[in-house]
Ligand SMILES: C[S@@+](CC[C@H](N)C(=O)[O-])C[C@H]1O[C@@H](n2cnc3c(N)ncnc32)[C@H](O)[C@@H]1O
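Numbering (this note's numbering), first residue to last: -5 to 380.
Following this line, the structure appears as structure tokens:
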């Protein structure tokens, strides 16, 4: 087993799901390293271990990748004071997209579906796209806390934010020190949610904003994809929509004339916001879709509905099999996913239930991160069979 601080030279062979490079120590152990790209040869130092894997940091790049570029953001980096929010900002956007596409291909190959994957839709804006963010502050400093870190990385600017949110950030920074943002005794930080709908004066400590897809232009593309896909379907086929939020996709379905639509969501504020919109044919219902007993109450709707739309959080929809019993009548399923691992897990359940992939469209919502969104249309040709 290599020792902490031991140095070694290796070539980056792949990228992990969190975007870090994967290298092999001469002794055979696998290490994860931030800030490196496949094909690069470098010198590394061992920093720690977790279970069978190790972590290392980059000491010296010996053969850099041709995909490397100068990151635009002053806070980009892999050190303790760096933001860590855009781990791929040091490579070209083309290389980022190719890496995302490759991840999707690798994951779908395990289900023999790699040939069904369409070319990824890149984001029209690679900076200035992010319509929501959560800052952290102790009332004196303000910035981001990278995943897995306990260190606040103070920021002076954030170029991935929309112009509106960038201006909000400047106003919040100018308000410091701000006693209203002081964390409670048991908290490390105060969370400040911002988005394109509120100004700095409306930002409150630890007040969650309703969910919204983080990239407005790409969300429009997702909505258009769904609208185009359902255009040829009979509008009188009942629709069950799961994880509906406050109705981003419900609106597309209602505007296309589908009725009835049962939209299901766990967060009461979102259910109420959707109900308040009074979209024709839509019933908004609160239900925790991660609880077996709650989910079981939707079995009757699952038997009546022939169109299923679902857009779960990263955990996916583990209880899908509960609705896909012998009696289910789903002939068209639209699965919008923000997590490749849970998507491929759930996809196997849908395939087992007799559905087949008609379209699989990856899309980039978050440039400079390893995140990839998937739009999948599954169909069942013979409604009677499984
Ligand atoms: C990816 S968002 C999609 C929201 C909506 N489709 C949109 O485009 O804005 C996932 C949604 O699932 C909801 N959610 C999370 N956990 C849930 C659960 N256990 N049961 C039901 N809904 C849940 C969240 O509140 C959120 O609205």
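We put the CB at the ideal spot given by N, CA and C, even for glycine.
- [ ] Take residue 322 and list the residues in its own chain whose beta-carbon comes closer than 8 Å to its own, dropping the five residues that flank it on each side.
- [x] Within the chain shown, residue 322 is the residue found at index 328, counting from 1. Counting only Cβ-Cβ distances below 8 Å, and skipping sequence neighbours, we find 296, 297 and 347.
Task: Spatially closest choice to residue 129 from 175, 106, 91 and 116, by CA coordinates - done: Start at 1 with the first residue of the chain shown, and residue 129 comes out as number 135. Check the Cα spacing between residue 129 and each of 175, 106, 91 and 116: the tightest is with 175.
TODO: Indicate the three-state DSSP secondary structure (helix, strand or coil) for residue 42 in the structure shown.
DONE: Against the chain shown, residue 42 aligns to sequence position 48. The three-state secondary structure of residue 42, taken from DSSP, is strand.
Open item on the list: Using the Cβ count rule (16 or more neighbours within 10 Å means buried), how would you classify residue 301?
Closed with: Translated into the one-based positions of the chain shown, residue 301 becomes position 307. Buried, because 16 or more other Cβ atoms sit within 10 Å of the Cβ of residue 301.
Open item on the list: Quick check on the DSSP output: the beta strand (DSSP E) that includes residue 130 runs from which residue to which?
Closed with: Residue mapping note: residue 130 aligns to position 136 of the chain shown, counting from 1. Looking at the DSSP string, the run of the beta strand (DSSP E) that includes residue 130 is 126 to 131.
- [ ] Would you give the residue range spanned by the beta strand (DSSP E) that residue 351 belongs to?
- [x] For the purposes of this step, residue 351 is taken as the residue at position 357 of the chain shown. 350 to 357 is the extent of the beta strand (DSSP E) around residue 351.
Task: residue 36 - partner residues in DSSP beta bridges - done: If you number the chain shown from 1, residue 36 lands on position 42. When DSSP reads this structure, residue 36 sits in a beta bridge with 4 and 55.
TODO: Measure the C-alpha to C-alpha separation of residue 358 and residue 121 and round it to an integer number of angstroms.
DONE: For the purposes of this step, residue 358 is taken as the residue at position 364 of the chain shown. For the purposes of this step, residue 121 is taken as the residue at position 127 of the chain shown. In a straight line, the C-alpha of residue 358 is about 13 Å away from that of residue 121.
Task: Closest residue to residue 253 among 72, 299 and 102 (Cα-Cα distance) - done: What you label residue 253 is simply residue 259 of the chain shown in a count that begins at 1. Comparing Cα positions, the closest option is 299.
Task: Where residue 202 falls, given that 16 or more other Cβ within 10 Å makes a residue buried - done: Numbered from its first residue, the chain shown carries residue 202 at position 208. Exposed, because fewer than 16 other Cβ atoms sit within 10 Å of the Cβ of residue 202.
- [ ] Using beta-carbon positions only, say whether residue 364 and residue 81 come within less than 9 Å of one another.
- [x] By one-based count along the chain shown, residue 364 stands at place 370. By one-based count along the chain shown, residue 81 stands at place 87. Going by C-beta atoms, residue 364 is nearer than 9 Å to residue 81.
Task: Unbroken alpha helix (DSSP H) run spanning residue 337, endpoints - done: Working through the chain shown from its first residue, we reach residue 337 at position 343. That run of the alpha helix (DSSP H) goes 334 to 346.
Open item on the list: Would you say the beta carbon of residue 260 is closer than 8 Å to some non-hydrogen atom of ligand 2?
Closed with: What this structure holds is ligand 1, not ligand 2.
TODO: Give me the Cα-Cα distance between residue 47 and residue 250, rounded to the nearest whole angstrom.
DONE: Along the chain shown, read from residue 1 onward, the residue named residue 47 stands at position 53. Along the chain shown, read from residue 1 onward, the residue named residue 250 stands at position 256. Their backbone Cα atoms lie some 50 Å apart in a straight line.
TODO: Pick out whichever of 197, 29, 124 and 150 has its Cα sitting closest to the Cα of residue 135.
DONE: Taking the first residue of the chain shown as 1, we reach residue 135 at position 141. Cα-wise, what sits closest to residue 135 is 150.
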